[in-house]
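There are 2 protein chains.
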Amino acid sequence: MDNFTFYAPTYFAFGMDTENQTGEYIKRFGGRKVLIHYGGGSVIRSGLLERVKKSLDAVSLPYVELGGVKPNPRSGLVYTGIDLCRKESIDFILAVGGGSAIDSAKAIAAGAVYNGDFLDFYEGKPVTQALPIGTILTIAAAGSEGSPDSVITNEKGMIKRGATGEAFRPRFSILNPALTQTLPKYQTACGVTDIIAHLYERYLTNTVEVEVTDRMIEALMLTMIHEGPRVIEDPDNYQARANIMWAGMMAHNNSCGVGRSQDWTSHNVEHELSALYDCTHGAGLAVVMPAVFTYTMTHDVARFAQIAVRVWGCSMDFYHPEKTAKAGIEALRHFLFSLGMPRNFEELGAKESDIEKLAHTACYGNGENGTLIGFMALKQKDLEHIYRLML
Amino acid sequence: MDNFTFYAPTYFAFGMDTENQTGEYIKRFGGRKVLIHYGGGSVIRSGLLERVKKSLDAVSLPYVELGGVKPNPRSGLVYTGIDLCRKESIDFILAVGGGSAIDSAKAIAAGAVYNGDFLDFYEGKPVTQALPIGTILTIAAAGSEGSPDSVITNEKGMIKRGATGEAFRPRFSILNPALTQTLPKYQTACGVTDIIAHLYERYLTNTVEVEVTDRMIEALMLTMIHEGPRVIEDPDNYQARANIMWAGMMAHNNSCGVGRSQDWTSHNVEHELSALYDCTHGAGLAVVMPAVFTYTMTHDVARFAQIAVRVWGCSMDFYHPEKTAKAGIEALRHFLFSLGMPRNFEELGAKESDIEKLAHTACYGNGENGTLIGFMALKQKDLEHIYRLML
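Right under this line is the structure:
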């Protein structure tokens, strides 16, 4: 296990009706004037936004609103939010929505107190300061409610990049599983896929002897395999929603990723797809993961065999561990398909003719000197091969 | 899953040599005059205390020392510490040691800012204020380095009681697995047993559909089963020590205990033994757990069968699940014995003639109106039966 530090000071209020205490939580964490940041229709239609505003009114907290966050959130709205924060002397940002609303709120929070272009943080500058953030989560997926991460698409060139910093950890996050019950099945399945990807990205490590985090990742994976199909079959299943919601947070607050190198190849390979085709991140990951794992499996067959046996219930072929490793990848592929996820470029709306461009941007945009560093070091030719496996 | 809140804002610095940054961490978390609180010989003999003091000197942090904490830490030394804090205007307490040093430090931290007897907190008063605490952990066991809990023995009547409050969460905890390498095998095994007990206490729940926390508890249990024997066989195995150390913290910071009722019968039953005979808490738990589980198994056979299959690798007897449940308890018993733990009253130094007294104190001291409430509601007669199973 490698040396590490771990600090996750987000306050979680979990369960039915917890959103009605939003105003009190903002006050407890020092907010005096709030920007409420959200996406579009469903937050309004469901009445959630009204309830939240009522909760702020009840404790006499003034606020301004900025809606309109889109999936794969964009730089344009972030600039609008930063201007609004400065003009209105905002000192607390409340995100209401999923990973997109939260990530956009994080970008605004960092930009509002920064004397420069907020995109600097998405090109490698560490985030050391930001306005405090609170979240009300409406989809279990990105894990941004408990993480120090944010992903934004720069509209100049449609480039999707991440930023990280402890200042991005929300002060509080309100997790009411019932708020996710109105999600369409496809969005729910995309969220489940994203959570599974966060687990694989941590599982695929080059660090040896990390049994405790291996086991924790497997535990969260097994939870997703148990609860995913239940919630697709019955979207009103509060208990399944609750288990997925806590698993989604735990999968990405990094308590199961500490002390070990991590992968993140699948996320980097996917970000090029959702930046170019504006597909849902989880759907992109469903197509990307089996391809990436098929290509990188030979780098550590034992690791893929271990997850196949411990998580996917495959029998170990002791004489041919690579067969077990492959069976685990096939089990993942079938599982994602059973949830309604796409399987290939065509179902995702991606084009074969873009492969060279996708591979080039992936390794030159995210990589170092044209090499994408993760579980394996991958060059453009490797990435082209991986994208071809998605056809 | 039940509604819950979760807040675990301890900063963890994990790995080799991390204790050399102690001074910097105390400064970062606002300390200006420190009480260094520790036990006895090993912290001094190993040179750890000297290194810690050097680290405080390096950042010009003044400190006073209070050593002499004993296992099953006592109220007498807490009063001394409280007086010392007031006299010396201490504003930060650094515990160097295991659960005893940390729990004693927590009691001092609460007492120093309280206008009354600190024991009030150990008789049910919630801890809302305390001096900030930092820890340097020297044994993976109690989980107090990341928990809001403390246990103290009141020397008047030798009564062992717990207190809880968010103010008891350490500001930072330094976890260097190498510091645990000098522990005697018996102490190491006691720590492993305590961690396993923290997991069982959370696993045995009356809340339904808590798959995510079930799986997380099982993950940490599997880690202990894998790493426990490795570290007993080779005390210098840094990697095994590291996995146990993170598992020990995760087992008790409550991220795997949220949203579900918990048991704590074994801890309550054990506290009477270590209060009366001054045995090591983990050793007491090794004797207590199989007895408690044998008695409470019929309350939920499926739960005991589940842990038997998923954790202890027992085959499920689908026609006689109670046989599987029993096999899991036997597997636990054999595992603890293989680590060198005692199996019965005699090996623990406890006396059959005390059983009535032990059972009475357990249910009237910790219980409500003579009933100990946990996984099951237990009366004095039940507890006498349980203690008899330990003969």
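Order-wise, the sequence lines are chains A and B.
Be aware that the first sequence starts at 151, since it is given in the numbering used here, and climbs by one per residue.
Be aware that the second sequence starts at 151, since it is given in the numbering used here, and climbs by one per residue.
All C-beta atoms, glycine included, are put in the ideal place defined by N, C-alpha and C.
As the structure is a prediction and not an experimental result, all values here were calculated from the model.
{"Item": "Bounding residues of the beta strand (DSSP E) (the contiguous stretch that carries residue 186 of chain A)", "Value": "184-188"}
{"Item": "Classification of residue 541 of chain A by the beta-carbon crowding that lies within 10 angstroms, buried from 16 upward", "Value": "exposed"}
{"Item": "Contacts around residue 410 of chain A, its chain only, beta-carbon distance under 8 Å, and the 5 residues preceding and following it disregarded", "Value": "151, 152, 352, 355, 357, 360 and 363"}
{"Item": "Residue-chain proximity (residue 156 of chain B, chain A), Cβ-Cβ < 8 Å", "Value": "yes"}
{"Item": "Residues of the segment 344-367 of chain B whose Cβ lies closer than 9 Å to any Cβ of chain A, in chain order", "Value": "358, 359, 360, 361, 362, 363, 364, 365, 366 and 367"}
{"Item": "Assumed close pair residue 539 of chain B, residue 522 of chain B - CB separation to whole angstroms, cut-off 8 Å", "Value": "The pair is not a contact, with the Cβ atoms about 16 Å apart (cut-off 8 Å)."}
{"Item": "Contact under 8 Å by Cβ, residue 189 of chain B with residue 249 of chain B", "Value": "no"}
{"Item": "Cutoff 6 Å; reference residue 186 of chain B; Cβ partners in own chain excluding five residues on either side", "Value": "213, 215 and 244"}
{"Item": "Interface residues of chain B facing residue 474 of chain A [CB-CB closer than 9 Å]", "Value": "Going along chain B, no residue has its Cβ under 9 Å from residue 474 of chain A, so there is no contact; the nearest lies around 19 Å."}
{"Item": "Contiguous alpha helix (DSSP H) assignments of at least 4 residues, all confined to the segment 334-388 of chain A", "Value": "335-353 and 361-383"}
{"Item": "Beta carbon of residue 617 of chain A nearer than 8 Å to that of residue 300 of chain A", "Value": "Since the first residue of chain A shown is 151 and the last is 541, residue 617 of chain A is not available in this structure."}
{"Item": "Secondary structure of residue 397 of chain B, DSSP reduced to three states", "Value": "helix"}
{"Item": "Segment contact, 8 Å Cβ cut-off, at least three pairs: the segment 227-235 of chain B with the segment 366-374 of chain B", "Value": "no"}
{"Item": "Residue-chain proximity (residue 189 of chain B, chain A), Cβ-Cβ < 8 Å", "Value": "no"}
{"Item": "Endpoints, the beta strand (DSSP E) within which residue 299 of chain B is located", "Value": "299-304"}
{"Item": "Three-way DSSP call (helix, strand, coil) for residue 156 of chain A in this model", "Value": "strand"}
{"Item": "Neighbour list for residue 377 of chain B in chain A, Cβ cutoff strictly below 9 Å", "Value": "361 and 362"}
{"Item": "Neighbourhood of residue 392 of chain A by C-beta, 7 Å cutoff - its chain only, sequence neighbours within 5 removed", "Value": "327"}
{"Item": "Sub-8 Å separation of residue 315 of chain B and residue 278 of chain B beta-carbons", "Value": "yes"}
{"Item": "Per-residue contacts from residue 166 of chain A into chain B (C-beta, under 8 Å)", "Value": "153"}
{"Item": "Proximity winner among B:289, B:306, B:305 and B:260, relative to residue 318 of chain B (alpha-carbon distances)", "Value": "B:260"}
{"Item": "Interface residues of chain B facing residue 272 of chain A [CB-CB closer than 8 Å]", "Value": "The premise fails here: residue 272 of chain A is roughly 26 Å from chain B at the closest Cβ pair, so nothing lies under 8 Å."}
{"Item": "Span separating the alpha-carbon of residue 413 of chain A from that of residue 198 of chain B", "Value": "36 Å"}
{"Item": "Beta strand (DSSP E) segment containing residue 310 of chain A, residue limits", "Value": "309-314"}
{"Item": "Residue 453 of chain A CB to nearest heavy atom of the ligand COA below 7 Å", "Value": "The model on display carries no ligand, and the ligand COA is accordingly not part of it."}
{"Item": "Coarse secondary structure for residue 475 of chain A, derived from DSSP in three states", "Value": "helix"}
{"Item": "Inter-residue spacing [alpha-carbon to alpha-carbon] between residue 442 of chain A and residue 474 of chain A", "Value": "17 Å"}
{"Item": "For residue 461 of chain B, three-class secondary structure by DSSP", "Value": "coil"}
{"Item": "Residue 372 of chain B at chain C interface by Cβ criterion, 8 Å", "Value": "This model lacks chain C altogether, as its protein chains are A and B."}
{"Item": "Distance CB(residue 458 of chain A)-CB(residue 477 of chain A) smaller than 8 Å", "Value": "yes"}
{"Item": "Rounded straight-line distance, which links the Cα of residue 490 of chain B to that of residue 484 of chain A", "Value": "46 Å"}
{"Item": "In DSSP terms, what residue 213 of chain B is bridged to", "Value": "B:184"}
{"Item": "Residue 502 of chain B, buried or exposed, once every other Cβ within 10 Å from all chains shown has been counted against 16", "Value": "exposed"}
{"Item": "Contact check, residue 287 of chain A vs residue 325 of chain A, beta carbons under 8 Å", "Value": "yes"}
{"Item": "For residue 242 of chain A and residue 567 of chain A, the rounded distance between their alpha carbons", "Value": "In this structure chain A extends from 151 to 541, so residue 567 of chain A is not present and cannot be described."}
{"Item": "Boundaries of the beta strand (DSSP E) in which residue 283 of chain A is found, first to last residue", "Value": "283-287"}
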